[in-house]
Amino acid sequence: MINLKEKANKLKLDLPAIFIALKKRETPLIAKFFAVITIAYALSPIDLIPDFIPILGLLDDIILLPIFIALTIKFIPSEILEQCKVESTDLWSNGKPKKWYFSIPVILIWVIILLLIIN
């Protein structure tokens, strides 16, 4: 059985690979659809089950995110996925990537929530 640290390292490579695959023209439309959902869920500060609920709050991150990732990977052709994994490994070779634009979806979600609350 793979331990949690190995699973976390795999997720650390799979999510950037999915993001890279999303930008590729050769990636099928259905894979791009699932990639958008997966990345949005991973970056979203809002969970289906709030984290403050003991045990259940963390289960969605432990169960749902890997399911979304597996579904997305299922629709990405293997040669594209392997190429994207190599590119994502290169992203992490110099340490954690520091790209501010990854935070844009999270900021947009919070702005939308604030606008809905104000109105």
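Its first residue numbered 36, the sequence shown is counted upward by one per residue in the numbering used here.
The beta carbon of each residue, even a glycine, is placed where N, CA and C say it ideally should be.
Separation of residue j from residue i, as counted between CA atoms
i    : j    : result
P51  : T62  : 15 Å
I55  : I153 : 36 Å
I104 : D49  : 7 Å
T73  : E114 : 20 Å
N44  : N38  : 10 Å
is_contact[residue i, chain B] using C-beta, thresh 7 Å
i    : result
P101 : No chain B is part of this structure, which consists of one protein chain only.
DSSP state of residue i mapped onto helix, strand, coil
i    : result
I53  : helix
N38  : coil
N44  : helix
P140 : helix
Fill in: Inter-stretch contact (C-beta, 8 Å, three-pair minimum) for the segment 114-127 and the segment 88-98
no
Discussion item. For the pair the segment 137-148 and the segment 97-105, tell me if three or more CB-CB distances fall below 8 Å.
Written reply: no
Worksheet item: What are the start and end residues of each continuous alpha helix (DSSP H) run of 4 or more residues lying completely inside the segment 103-127, in chain order?
Response: 113-127
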